[in-house]
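Comments concern the structure below.
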Amino acid sequence: MTDIIIEKNNESYVQLHCNEEINHEINNLFSAFAAGYRFNPRYVNRLWDGRVRVYSPITQLLPIGLVSNLMKWCDSKKYTYKMDFFDDFTDEIDKDELRETINGYVKKFDVRDYQFKAVYEALTNKKGILLSCTGSGKSLMIYCIFRYLLEKKKLKHLLLIVPNTSLVEQMYTDFIDYGWDNIEESVELLYSGKKPTYRLPVLISTWQSLQTQDKSFFERYDCVLVDECQQSKANVLSKILKASFNAEYKIGTTGTLPKELSDQLIINSVIGNVIFELKSSQLIDEGYLSKMSVAGIFLKYPDEFIAENKNRTYQEEVKMVEEYEKRNDVLKFIIDHSKPTDNMLVLLTHKAHLQSTIEYLKKLYPDRNISEISGDIKTKARENIRTGIENEEGSIIVATYKTMSAGINIPKLHSVVLYSNSKSRIQVLQSIGRGLRLHKTKNKVIIYDIIDDLSYKTRTGKTKKNYCMQHYDERLEFYKEQNFPVITINRNI
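When the count follows the numbering used here, it moves up by one through the sequence shown with no breaks and lands on 980 for the last residue.
Here it is as structure tokens:
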């Protein structure tokens, strides 16, 4: 007797049939403790066990992205299973024919071997994640996938979801640059201020712009591709992917996936597992990305200031260092030790900090072009800043992590300053990626990591690290993981 029968419900779910004991095991298999669950009031009040679950033991519906995980688990447990739709998961494509077809789509660039492999894996596996580092040309991969599905597979409705409005415009521009003639006949855009007809085969939008659509809206799509798919853990984006019942192709691209098992579980459930992987260090070694190094600048605060503020909460500490006037001197130090023709990106978290930093820089360097990119700046203006820097020298962009950490392409950057504290692996690594693209005016990019050192000695002689120092220790692990060279500098302020 077969232990588990797996039936395809649609392109989002499979229906399982198994006994109660196995059903319980599967429920536990596809669950994981949520990040920070111990501090959740529902967990504290014993209203929740702290686990994220993606399988329903009542309906026995399993997200289709986890079917391969289920099969591996069955093999390990010696459970027998029956599934009659193996062929639905893969497509046989002749590699030589695909390469010739793709080269015909791309007119101004050479398709690199790893880009071809990523496109091949996406088209043959139909569902899954292309884990490809920042600067690897994911937009070219997406372009080739869409052109092939439209022309060769005759798909009628394709949806590309990007994380912000700037990327909607950038992706459209990239497609034109790659060689999509008469793009206006095939592609339209949806975001604030842009209203499509919904009659063209390809729609590029953000999940924020799509969240008001009825579930039935997504049933039309044969393919849903999510750029920066690490955001698929977000409730809205996850719902969109689940509602895309008829999307035979569900592909995600990203440079960095979260480490938390619960987040990975959610992403894998709606898209699938990693089917292609490429790290920054490989492309740096092969000469496709700029050489780089991280310069960690430790800002040592006065002893009396540390003594007065050593019992601050994390939020208080961040606010305090951002408002500390002498802290801006480190920007002067960096700029004065850089070439006057170098372009710089300064990344921050909070709006007030961004505005005070811009005021400081404009006062100190009145002859430099200092631009702001934040949520307050309209999409077109952001795009003009991004593309305009190609013709500028000595420009400084002051931006929020939120608007710049995902996908924004600015090759002519010579340094990136991480000016606000962060311990988010995805945010840090993607922010670094903004400077890794090659440009004829640079042979290396410097990532300046600003660390606020308010550590002090306890009565027992042990060093007590403040929050910002502790978070740097976590960032240092990210750098080691990616094989990024790190140097450190100490400065008193």
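Ideal placement from N, C-alpha and C gives every residue a C-beta, glycine not left out.
Q) So which of Tyr736, Tyr935, Ile545 has the shortest CA-CA distance to Leu786? A) Proximity to Leu786 across Tyr736, Tyr935, Ile545 peaks at Tyr935, based on C-alpha coordinates.
(Q) For Asn844 and Asn856, what's the separation of their Cα atoms in angstroms? (A) Going by the sequence as given, residue 844 is Thr instead of Asn. Between the C-alpha atoms of Thr844 and Asn856 there is a straight-line separation of about 14 Å.
Q: Please confirm whether Ile883 and Leu848 have their CB atoms less than 7 Å apart.
A: Yes, they are a contact pair.
Q: In the DSSP assignment, find the beta strand (DSSP E) that holds Met807 and state where it starts and stops.
A: First-last for Met807: 801 to 809, but that is the alpha helix (DSSP H), not the beta strand (DSSP E).
(Q) Quick check on DSSP: helix, strand or coil for Asn977? (A) In this structure, Asn977 counts as strand in the three-state DSSP scheme.
(Q) Please report the distance separating the alpha-carbon of Asp709 from that of Phe732. (A) About 9 Å.
Q: Can you tell me which of the three DSSP states Tyr500 falls into?
A: Looking at Tyr500 - three-state DSSP - the assignment turns out to be strand.
Q: In angstroms with no decimal places, state the Cα-to-Cα distance between Glu879 and Lys819.
A: Taking the straight line from one Cα to the other gives about 20 Å.
Q: Determine which residues share a DSSP beta bridge with Asp714 and list them.
A: According to DSSP, which records beta bridges pairwise, Asp714 is partnered with Thr740.
Q: Assign Leu553 to one of two classes, buried (16 or more other C-beta atoms within 10 Å of its C-beta) or exposed (fewer than that).
A: Burial call: buried.
Q. By how many angstroms is the C-alpha of Asn651 removed from the C-alpha of Glu809?
A. Looking at the backbone, the Cα of Glu809 and that of Asn651 are separated by about 26 Å.
(Q) Alpha carbons only, please: which of Arg962, Asp939, Glu964, Leu963 is nearest the one belonging to Lys952? (A) For the residues Arg962, Asp939, Glu964, Leu963, the minimum Cα distance to Lys952 belongs to Asp939.
Q: Drop a sphere of 10 angstroms on the beta-carbon of Arg962, count the other beta-carbons inside from all chains shown, and report buried for 16 or more, exposed for fewer.
A: Classification of Arg962: buried, given that the 10 Å Cβ count is 16 or more.
Q: Could you work out which residue in Tyr736, Leu676, Ile753 is closest to Ile632 when comparing CA atoms only?
A: Tyr736 is the residue among Tyr736, Leu676, Ile753 whose C-alpha sits nearest the C-alpha of Ile632.
(Q) Please report the straight-line C-alpha distance between Lys569 and Ile513, rounded to a whole angstrom. (A) The alpha-carbon atoms of Lys569 and Ile513 are separated by roughly 16 Å.
Q: Would you give the residue range spanned by the beta strand (DSSP E) that Pro550 belongs to?
A: Residue range 548 to 550 is occupied by the beta strand (DSSP E) that includes Pro550.
Q) If you check the beta carbons only, do Leu744 and Gln718 fall under 7 Å apart? A) No, Cβ-Cβ distance for Leu744 and Gln718 is not below 7 Å.
Q | Three-state class that DSSP yields for Ile933 in the structure shown | A | In the displayed model, Ile933 falls within a strand according to three-state DSSP.
Q) Whose C-beta lies closer than 6 Å to the C-beta of Arg924 among residues of the same chain, with five residues either side of it excluded? A) Same-chain partners within the cutoff: Gly622, Pro898.
Q) Where does the unbroken beta strand (DSSP E) through Val539 begin, and where does it stop? A) That run of the beta strand (DSSP E) goes 538 to 540.
Q | Test item: CB-CB of Ala519 and Leu748 under 7 Å | A | Against a cut-off of 7 Å, the Cβ pair of Leu748 and Ala519 comes out as a contact.
**Q.** Glu672 - DSSP class collapsed to helix/strand/coil
**A.** Under the three-state reduction of DSSP output, Glu672 falls in the helix class.
Q. Expressed to the nearest angstrom, what Euclidean distance is found between the alpha-carbon atoms of Glu584 and Phe763?
A. Between Glu584 and Phe763, the C-alpha separation is close to 20 Å.
(Q) Looking at the strands, I want to know which residues DSSP matches up with Lys787. (A) Asp940, Asn979, per the DSSP bridge assignment.
Q. Helix, strand or coil: which one does DSSP assign to Arg855?
A. If DSSP states are grouped into helix, strand and coil, Arg855 belongs with coil.
Q.
Quick check for students: name the residue ranges of the beta strand (DSSP E) that lie wholly in the segment 523 to 594, counting only runs of 3 or more.
A. Whole beta strand (DSSP E) segments, 3+ residues: 538 to 540, 548 to 550, 568 to 570.
Q) Do Leu549 and Phe501 come within 7 Å of each other at the CB atom, strictly closer than that value? A) Phe is not the amino acid found at residue 501; the sequence shown has Val there. If you check the CB distance, Val501 and Leu549 come in under 7 Å.
Q: Quick one: residues in its chain with C-beta nearer than 6 Å to the C-beta of Phe971, no 5 flanking neighbours on either side, listed in chain order?
A: Taken in chain order, the residues that qualify are Val781.
Q) For Ala782, which of helix, strand or coil comes out of DSSP? A) Strand at Ala782.
Q | Euclidean distance between Cα positions of Gly948 and Arg799 | A | Between Gly948 and Arg799, the alpha-carbon positions lie close to 20 Å from each other.
Q: Measure the Cβ-Cβ separation of Leu646 and Leu690 and say whether it is below 7 Å.
A: In contact: Leu646 and Leu690 (Cβ atoms closer than 7 Å).
Q | For Phe820, the first and last residue of its enclosing alpha helix (DSSP H) | A | Per DSSP, Phe820 belongs to the alpha helix (DSSP H) from 816 to 823.
Q. Using the C-alpha atoms, what's the distance from Tyr630 back to Lys813?
A. Each residue's alpha carbon lies about 47 Å from the other.
Q. Hey, out of Val833, Cys620, Asn755, whose CA is closest to Gln969's CA?
A. Minimum Cα distance to Gln969 is reached at Cys620.
Q.
For a quick check, are the C-beta atoms of Thr890 and Ile860 less than 7 Å apart?
A. Yes; because the gap between Cβ atoms is below 7 Å, this pair is in contact.
Q: Determine, using beta carbons only, whether Leu687 and Ser673 come nearer to each other than 7 Å.
A: Taking 7 Å as the Cβ cut-off, Leu687 and Ser673 qualify as a contacting pair.
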